[in-house]
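Step one of this worksheet: look at the structure below.
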Amino acid sequence: MASTKSFQIRHLDRTPRSGLGGVRAAAGRFGAFLSETAANVAVSFALMLAPLTAAVGGALDYTRAVMIGTEIQAALDSGVLAAASLTQDRDPETVVRAYVQAALADHGEIVDSLDITVRSQTSLNSRTVSADASVSLKTIMLGVVGIGDLTVFRTSEALEEVRDVEISLVLDVSGSMSGSKIAALRDAASEFLDVVLDTDRTDRTSVSVIPYNGGVRLPGAVNRGLFRGLNASGCPDHGTDYPVVIPHADLDTLSPLEWNGNPQLGHNHSSHCPEMHMESSFLQNDKAELQALVSGLDASGNTGLDVATAWGARALDPSWRAALPGEFADRPAAYDDPDTIKVLVVMTDGAATAQSRTERRRGRWRRYELYPASTARDNMLEACSYAKDHGVVVYTIAFQLSGQTNRDLMRNCASRAQTYYEVESMDISAAFAAIAADINQLRISK
């Protein structure tokens, strides 16, 4: 029997199978991953939430605390300044507390926590007030991390010390000041005296008013005490009204003027001395008397700027105390007196001119030049330097002054740039008002 072979033909199925199952499997695995990751993120976020809240909330609460602290500081500063005033008759703590409470009027929730400590000390011419203030500020966001409130603390201190003031007011009445200029000066100087000799300050302030043209007219007592040669008008016969050479760094020396080795005294006549009604007044606090002097200012003659500046400085020099008349026996005070400030105000509308003397002999008039304008400028700077070196605050006013050399002279004489005033218009009152206000600030230390 023949054998039979059986073949089974198996067809291979090349038809692509559906991929959905694989995707589902992959998706399942990815979903599991996401579930795991989400859980981790949730845990991480939960862990980060507290510090994140603290950071954001802390910034908000801190900003609020800073704003309130700024308001308290401003009120505290104003309060201690008001309480330190020597004219303040209320209790310092009452004054300070009123200022701070007014500042916190819109923050009623923290006023109850306000704690203020005020300390004060008063002497004859000064008062010091210091104060501390603190409030407790409820937090808005920081409570979630256990910080329920913030303490805001501020401190402030003020000193008011009224010092004695000595002022030399040196005013140009030379010929170039005639007309509207001298009228403007009269008004400005009178207003200046109104401010610096206010009723509350009269007993602590002295003013020397020194009008000048080619020279300075001194009171008779000063002339007789210091000079041997007087003319009929009461002015010393030195061509200018003090020895024409200012010894270097020494305003105290008063040597007679010599011409060719011989004293020129007794028969000379200065044609540049201010008239009798413009006699200088030293160390006065009688406002009416000084205002009467400035209201009578007239313009004539040359510009003895160095002469006048030297006398302005001398009116502040303690070594001249015995020689100068005035209402204050103890003035000029010592340069190092901590309770006194000294102020020199020099005003001009013209250049320092060459100084000369007009002399009459045997019916003839002769004119002698004593020194040139350049020497006059040097003399003025010597006087200014002497004053500044001894602590005097020097203000200068250039009133419609032409020429760079002249303006530089006035600028260099001043204590600093801020005490030099250039007045281009007729409004010289503004310069005097600014100086008067500055002096009142100098007299009060805060």
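Going by the UniProt record's numbering, the sequence shown opens with residue 1, and the numbers climb by one from there.
Glycine included, C-beta positions come from ideal geometry on N, C-alpha and C.
Checklist entry - According to DSSP, is Met177 helix, strand or coil? => result helix
Next on the checklist: Less than 8 Å between C-beta atoms, sequence neighbours within five positions excluded: which residues of the same chain meet that for Tyr99?
Outcome noted: So the list reads Ala75, Leu76, Ser78, Gly79, Ala82, once near-sequence residues are dropped.
Checklist entry - Should the stretch 315-328 be called in touch with the stretch 276-283, which here means at least 3 C-beta pairs below 8 Å? => result yes
Checklist entry - Counting along the chain, where does the alpha helix (DSSP H) carrying Arg314 start and finish? => result 305-314
Item to check | Minimum length 3: unbroken beta strand (DSSP E) runs contained in the stretch 67-138 | outcome: 115-122, 126-138
Checklist entry - When DSSP builds the beta bridges, which residues end up paired with Pro211? => result Leu171
Next on the checklist: Distance cutoff 7 Å, beta carbons only. Does Ala84 sit that close to anything in chain C?
Outcome noted: Protein chains in the displayed structure number just one, and chain C is not present.
Checklist entry - Per DSSP, what kind of secondary structure is Asp427 in: helix, strand or coil? => result coil
Checklist entry - How about Ile72 and Arg154: do their beta carbons lie closer than 7 Å? => result Between Ile72 and Arg154, the CB-CB gap stays under 7 Å.
Checklist entry - Sorted by chain position, which residues of the same chain lie with C-beta nearer than 8 Å to Asp200's C-beta, five sequence neighbours on each side aside? => result Thr87
Checklist entry - By Cβ distance below 7 Å, which residues in the same chain neighbour Leu150 in space, the five residues on each side in sequence not counted? => result Shown here for Leu150: same chain residues with a beta carbon closer than 7 Å to its own, the five before and five after excluded, namely Asp61, Ala65, Leu137, Thr139 in chain order.
Next on the checklist: If you follow the alpha helix (DSSP H) that Ser385 is in, where does it begin and where does it stop?
Outcome noted: 373-389
Item to check | Cβ-based neighbour list, Leu197, same chain, cut-off 7 Å, excluding 5 preceding and 5 following | outcome: Thr205, Val207, Asn285, Lys287
Checklist entry - Just how far apart, CA to CA, sit Ala333 and Lys342? => result 9 Å
Checklist entry - How should Gln121 be labelled, buried or exposed, when 16 other C-beta atoms within 10 angstroms of its C-beta is the threshold for buried? => result exposed
Item to check | Simplified DSSP state of Leu344, which is helix, strand or coil | outcome: Three-state DSSP puts Leu344 in a strand.
Checklist entry - Looking at C-beta atoms only, is the number of pairs between the stretch 409-420 and the stretch 387-399 that lie closer than 8 Å three or more? => result yes
Item to check | One or two residues paired with Ser190 in a DSSP bridge | outcome: Here Ser190 is not bridged, per DSSP, to any residue.
Checklist entry - What separation, rounded to the nearest whole angstrom, lies between the Cα atoms of Glu289 and Asn213? => result Between the alpha carbons of Glu289 and Asn213 lies a gap of roughly 21 Å.
Item to check | Cβ separation of Ser190 and Ala315, assumed to be a contact under 8 Å, to the nearest whole Å | outcome: The pair is not a contact, with the Cβ atoms about 20 Å apart (cut-off 8 Å).
Checklist entry - By the 10 Å Cβ neighbour count, where 16 or more other Cβ atoms means buried, how is Ser319 classified, buried or exposed? => result exposed
Item to check | Extent of the continuous alpha helix (DSSP H) to which Leu409 belongs | outcome: 404-413
Item to check | Which of helix, strand or coil DSSP assigns to Ile147 | outcome: coil
Item to check | Three-state class that DSSP yields for Tyr335 in the structure shown | outcome: coil
Checklist entry - Exposed or buried, Ile439, counting other C-beta atoms within 10 Å across all chains shown (16 or more means buried)? => result buried
Checklist entry - Since Leu297 and Pro211 are thought to touch, with beta carbons under 8 Å apart, how far apart are those beta carbons, to the nearest angstrom? => result 6 Å
Checklist entry - Going by beta carbon distance, what residues of the same chain come within less than 7 Å of Ser134, once the five residues before and after it are set aside? => result Asp115, Thr151, Val152, Phe153
Next on the checklist: Less than 6 Å between C-beta atoms, sequence neighbours within five positions excluded: which residues of the same chain meet that for Leu409?
Outcome noted: Arg377
Checklist entry - Between which two residues does the alpha helix (DSSP H) harbouring Ser295 extend? => result 287-295
Item to check | Under 7 Å between C-beta atoms of Ala84 and Ile182 | outcome: no
Item to check | Thr202 to Glu166 span [Cα, whole Å] | outcome: 11 Å
Next on the checklist: DSSP has Phe432 in a bridge; who is on the other side?
Outcome noted: Looking at the DSSP assignment, Phe432 forms no beta bridge with any residue, so it has no partner.
Item to check | Sequence-distant residues of the same chain with beta carbon closer than 7 Å to Leu324, five excluded per side | outcome: Val222, Phe282, Leu283, Ala315
Next on the checklist: Assuming contact is defined by CB atoms lying nearer than 7 Å, are Val173 and Gly312 in contact in what I supplied?
Outcome noted: The answer is no: Cβ separation not under 7 Å.
Checklist entry - Around the Cβ of Asn406, are there at least 16 other Cβ atoms within 10 angstroms (buried) or fewer (exposed)? => result buried
Checklist entry - Could you give the distance in angstroms between the alpha-carbon of Ser126 and the alpha-carbon of Arg443? => result 11 Å
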